[in-house]
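Working notes for the structure below.
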Amino acid sequence: MALEDVKAQKETVKPSRKQIPRMKYLCAILSVTASLFGPLMFGLSLGFSGQTIDTMQNTVTTTNGTHIQIGENSGLWAFQSSTEASLFGSLVTIGAMIGASAGGPITEKFGRKWTLIGISPLFVVMYVWMALAHTAWQLLVARVFVGVGVGVESFVVPTYIGEVSPIKLRGALGACNQLAVTIGVFLAYVLGLAFSSQAASVDPNADSHTFCNWRNLCWIIIIPSALLGICMFFAPETPHWLASHGRLEAAKAALSKLRDGNEDGDEYMAESKALEVAAESKVEQGGRFVDGFKSLGECKMQLFIGVMLQILQQLSGINAIIFYQTTIFQAAGLEDKKAIALSVMAVLMAFTLVSCIIMDKAGRIILLLIGAIGMCISTICMGIFFYLKDDAGNNNVGWLAIASAFVYIVTYSLGVGGIPWLIMAEIFPGNVRGLAASIATCVNWFFCFIVTMFLDSYRRAVSFSGVFWTFAGICACMIAFVVIFVPETKGKTFDQIQAYFKSKYKPH
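Each residue of the sequence shown is one higher than the one before, starting from 14 at the first, in this note's numbering.
Dropping the structure here:
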């Protein structure tokens, strides 16, 4: 009887001794999380100038437009001309083009992991430099190098995420890249408010919240800069890169780690077979970087799709909505700049998060089309608002501007904001993925620079209504392009995606 009691007691205890089930794909999720410090730095670097530039060039004003003089000994007045300030804002795009161009050979030579580790000290050094800078040229040089880091990470991180993510989570984890960017922009704004200062001003209109202590902001940004390198040091290299460089055993070990050690599962077996093919391809082609350029000729359609999605994203109007957000909302009767900026960024973050959640359920094409259609309609309506207000003198349609702006932001966040980066990381064959993504990203930054440089001149030439109707036409072109050319990649392996292109676009 006593023995039976002991057995019964053991059976009773067994369930309570079971460990909490480990999260599936934990290593893959943690690896992706480590890489997200890259796009977080992307967002922080882009958002930095928007929050600090007025202080840096001594152009802070009251709500009624009265200039507030910064303290001459504050150490925060950096630029003596609007040209220097404009360069500080735009040089990051020049640096990003350089980084995206140079990053392709670097990531193919040294791997995705070590490329991201390498740009971490670059960010750290540049933000230390900016925090200690005392001349305009020092800040401008640092801004270029920050842009280089942003350009490199902006294609390496999507590529890394695509190559380490399991098929079922590739969409959701890939969309987290854009989510991290929006969080970075939001943090830059919030930190700018947190580090507000009177800046030794004796102006009666100045108080402790008037100016932004951008030097303190630089010191804080060093933290995520360093965390990028520290966290990526413990993350695995992507199996695809290892296999394509002849390190098949290391590739399979990394894959096993990323797939929870389940080497008997169908997913692992299929991916393992793909790694063997990649390793064999490396042996046959010699693995030279120049062979990557030759291989690009075999994936012209993928390159066309990847590049065009990046161009259409930049020409779809997002820069105009962000650049003119204060003008739009003030024209609609709203005056609080801080509330406007916070509301726009909050909506961007919220619906980018929604995109992450539904990406692998809805698919890429549906979300791209919803985004492009919503953006097309909202830019048409925005053009109508400015036409009625400026050309017809109707001042009672402010609601139309507010509704159009938020519909645009919501639909952009759901699709066009993040999916071009995700598809870029999915459609290219492994032997040219880094190089092709580098080219597409360089094109993205080039068009970002063009739009930023000429947007205001174009607005003066055709009016606000003409600007937004132009963007509406481009969004309509995006709808047609997605329907005709872009394949659905949801739930497909890289091999299945390449098989689709080989069958649909056979060489003649």
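Glycine included, C-beta positions come from ideal geometry on N, C-alpha and C.
Simplified DSSP assignment, three categories, for residue i
i    : result
K253 : With the sequence shown as reference, residue 253 is identified as His, and Lys is not the correct amino acid for it. Of the three classes helix, strand and coil, the one that applies to H253 here is helix, per DSSP.
F514 : helix
S94  : coil
F224 : strand
S114 : helix
T195 : helix
S87  : coil
V105 : helix
S210 : strand
T74  : strand
D508 : helix
Rounded straight-line distance, which links the Cα of residue j to that of residue i
i    : j    : result
G117 : I83  : 44 angstroms
M321 : D216 : 51 angstroms
W412 : A418 : 10 angstroms
W458 : T46  : 24 angstroms
A489 : I386 : 7 angstroms
Q511 : K286 : 15 angstroms
V157 : D279 : 46 angstroms
I107 : G274 : 43 angstroms
E348 : S356 : 13 angstroms
G51  : A144 : 20 angstroms
V169 : A115 : 12 angstroms
V161 : V154 : 11 angstroms
K515 : W254 : 22 angstroms
F364 : A375 : 14 angstroms
K20  : P252 : At K20 the pLDDT is 49, less than 50, meaning the model places this residue with poor confidence and gives no usable figure here.
K307 : A267 : 28 angstroms
I334 : M395 : 10 angstroms
I378 : A207 : 40 angstroms
L129 : V198 : 20 angstroms
G310 : S209 : 53 angstroms
K31  : G187 : Caution is warranted here: a pLDDT of 48 is assigned to K31, below 50, making its placement in the model unreliable, and the coordinate value is therefore given only provisionally. Answer to the nearest angstrom: the Cα atoms are 33 angstroms apart.
L366 : G346 : 30 angstroms
Q343 : G78  : 14 angstroms
Y140 : L57  : 11 angstroms
T96  : A493 : 40 angstroms
I42  : D469 : 42 angstroms
A264 : R183 : 19 angstroms
G431 : Y38  : 22 angstroms
K271 : Q323 : Reading off the sequence, residue 271 comes out as Leu, not Lys. Cα to Cα, L271 sits roughly 29 angstroms from Q323.
P237 : L100 : 25 angstroms
Rounded distance between the beta-carbons of residue j and residue i, thought under 8 angstroms
i    : j    : result
S368 : L380 : 6 angstroms
S426 : L361 : 5 angstroms
Q327 : C461 : 5 angstroms
Y202 : M358 : 6 angstroms
K122 : E250 : No, K122 and E250 are not in contact; Cβ-Cβ is about 13 angstroms, not under 8 angstroms.
G175 : E501 : About 15 angstroms; that fails the 8 angstroms criterion.
V499 : I436 : 7 angstroms
V105 : V177 : Not a contact, Cβ separation roughly 28 angstroms.
A449 : L316 : 6 angstroms
T506 : I180 : 6 angstroms
F484 : S294 : Actually they are not in contact, since the Cβ atoms of F484 and S294 sit about 42 angstroms apart, beyond 8 angstroms.
Candidates the options: closest to residue i by CA position
i    : options                : result
E166 : M110, G376, A219       : M110
G88  : D220, A212, P179, T339 : A212
T454 : Q343, L325, A418       : L325
G102 : P249, S62, R125, T128  : S62
I397 : E85, I341, A239, L206  : I341
P171 : W232, Q191, L153       : Q191
M282 : E293, S269, L401       : S269
C40  : A248, H147, Q509       : A248
G131 : L468, R260, G205, A239 : A239
F399 : M466, R446, G479, L366 : G479
G443 : Y173, S329, E85, I422  : Y173
F246 : S133, E97, A354, I415  : S133
T223 : T75, L271, I234        : T75
A193 : S48, D220, Q70         : S48
I497 : I370, K517, V290, K503 : K517
Range of the contiguous alpha helix (DSSP H) that encloses residue i
i    : result
K270 : 261-271
V154 : 149-177
I42  : 39-48
M372 : 350-375
G479 : 446-498
A433 : Before going further, note that residue 433 is Pro rather than Ala in the sequence given. Unbroken alpha helix (DSSP H) run through P433: 432-439.
I422 : 411-424
I130 : 125-145
Q82  : Segment: none, Q82 is in no alpha helix (DSSP H) and carries neither H nor E.
K313 : 313-327
N332 : 331-336
Check: residue i C-beta below 7 angstroms from any heavy atom of the ligand NAP
i    : result
M282 : As far as ligands go, the structure on display features none, and thus does not contain the ligand NAP.
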